[in-house]
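Asker:
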Amino acid sequence: MQDFYRSKSLPIKQLTKEQRTFIVEKYFQAKSFQHVIQSFQEHFPERQSPTKMTIWRNVTRYRTEGTNLNLNKGRPGRKRTGRSEENVRIVQGALTENPQISARKSGLDVTKSIFSRIIPWDLKWHPYKMHVRNKLLDNDLPRRLNFAQWFLQRNVWFVDDIVVGDEAAFHLNGKVNNHNVCTYAAKNQPPNFKTSRNG
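Each residue of the sequence shown is one higher than the one before, starting from 243 at the first, in my numbering.
This is the structure:
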């Protein structure tokens, strides 16, 4: 005997228009939830079978609205307050003026969580971070080997006296290279990072 219960391990997905129509038609044919579930499983084997509640909601919607489409859009419900059109315009204007603006230090009247949601969901922007890599030259390999040999000759307490910084690099021309600073831009359109070196 087949098990028609919904598996908890399967993800819940929205029914397609075809699937909603199939449910309503099968129910009106047999007036049986079990018939709808079994027919649905045979016709859509890759999709988990609908529950009795899902079937009844689709049938009721068809009877009252004359359609089996999802009518959630434009209906009363929880309104978007944080990601309002005004807040989206505020964040978009701030990013246009300064693409490196921080969610924590933006100075806008928008919370950090709302700021972080508006960027990918409404603006479709993505944070980009520049990674600086030094080009290896022909004489770099022996220099690295000499340094490694010298380092191995130090005593065990030598590493305790080493201070390593990985925050920002300040150049004499005013440029600052900071790996913690990201630049926002449209997805698949990364910004043009320009590197500079002191001559």
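From the three backbone atoms N, C-alpha and C, an ideal C-beta is built for every residue, glycine too.
Quick one: what does DSSP say T425 is sitting in, helix, strand or coil?
Answerer: Here residue 425 is taken as the residue at index 183 of the sequence shown, counted from 1. Three-state result, T425: strand.
Asker: Suppose the cutoff is 7 Å on Cβ atoms and the five residues either side in sequence are ignored; what does the same chain contact list for L394 look like?
Answerer: As a working note, residue 394 is residue 152 in the sequence shown. Taking C-beta separations shorter than 7 Å and ignoring five residues to either side along the sequence, L394 has no partners in its chain.
Asker: Decide if W367 is buried, meaning its Cβ has at least 16 other Cβ atoms within 10 Å, or exposed.
Answerer: Position 125 of the sequence shown, counting from 1, holds the residue named residue 367. Flag for W367 reads buried.
Asker: What are the boundary residues of the beta strand (DSSP E) that W367 is part of?
Answerer: Here residue 367 is taken as the residue at index 125 of the sequence shown, counted from 1. Start and end: 367 to 370.
Asker: Evaluate contact between the segment 328 to 335 and the segment 297 to 313, counting only Cβ atoms and requiring at least three cross-stretch pairs below 8 Å.
Answerer: no
Asker: Just the Cα atoms here: how many angstroms apart are F246 and P362?
Answerer: The residue given as residue 246 occupies position 4 in the sequence shown. The residue given as residue 362 occupies position 120 in the sequence shown. Bear in mind that a pLDDT of 41 at F246, under 50, signals an unreliable position, so the number given afterwards is only what the model happens to contain. Using only the alpha carbons, I get a separation of about 38 Å.
Asker: Taking A345 as part of the alpha helix (DSSP H), name the residues at either end of that continuous run.
Answerer: As a first step, residue 345 must be located in the sequence shown, where it is residue number 103. Run containing A345: none; DSSP gives neither H nor E here.
Asker: Is S291 helix, strand or coil by DSSP?
Answerer: Mapped onto the sequence shown, residue 291 falls at position 49. In the structure shown, S291 sits in coil (DSSP, three-state: anything other than H, G, I, E or B).
Asker: Less than 8 Å between C-beta atoms, sequence neighbours within five positions excluded: which residues of the same chain meet that for K377?
Answerer: Translated into the one-based positions of the sequence shown, residue 377 becomes position 135. Within the same chain, K377 has no close Cβ partners at all.
Asker: What number of angstroms, rounded off, separates the C-alpha of R262 from the C-alpha of D364?
Answerer: Residue mapping note: residue 262 aligns to position 20 of the sequence shown, counting from 1. Residue mapping note: residue 364 aligns to position 122 of the sequence shown, counting from 1. Cα-Cα distance, rounded: 29 Å.
Asker: Within the same chain, show all residues whose beta-carbon is closer than 7 Å to that of E260, passing over the 5 residues directly before and after it, in chain order.
Answerer: As a working note, residue 260 is residue 18 in the sequence shown. Taken in chain order, the list of residues that qualify is empty.
Asker: Would you please state the rounded distance, in angstroms, between the beta carbons of Y370 and T306? I believe it to be under 8 Å.
Answerer: As a first step, residue 370 is located in the sequence shown; it is residue number 128 there, counting from the start. As a first step, residue 306 is located in the sequence shown; it is residue number 64 there, counting from the start. With 8 Å as the limit, Y370 and T306 do not qualify as a contact, their Cβ atoms being about 49 Å apart.
Asker: Along the chain, where does the alpha helix (DSSP H) that runs through S326 open and close?
Answerer: Counted from its first residue, the sequence shown places residue 326 at position 84. S326 -> no alpha helix (DSSP H), and no H or E assigned at all.
Asker: Where does T296 land, buried or exposed, given buried means 16+ other C-beta within 10 angstroms?
Answerer: In the sequence shown, residue 296 corresponds to position 54, counting from 1. Flag for T296 reads buried.
Asker: Within the segment 359 to 398, note down every full alpha helix (DSSP H) run reaching 4 residues or more, in order along the chain.
Answerer: 382 to 394
Asker: Find the nearest neighbour of R375 within the set F435, P287, D402, judged by alpha-carbon distance.
Answerer: The residue labelled residue 375 in the question sits at position 133 within the sequence shown. Closest option to R375, Cα to Cα, is F435.
Asker: Can you check whether the CB of V266 is closer than 8 Å to the CB of Y304?
Answerer: Locating residue 304 in the sequence shown gives position 62, counting from the first residue. Locating residue 266 in the sequence shown gives position 24, counting from the first residue. Cβ distance < 8 Å, so Y304 and V266 count as in contact.
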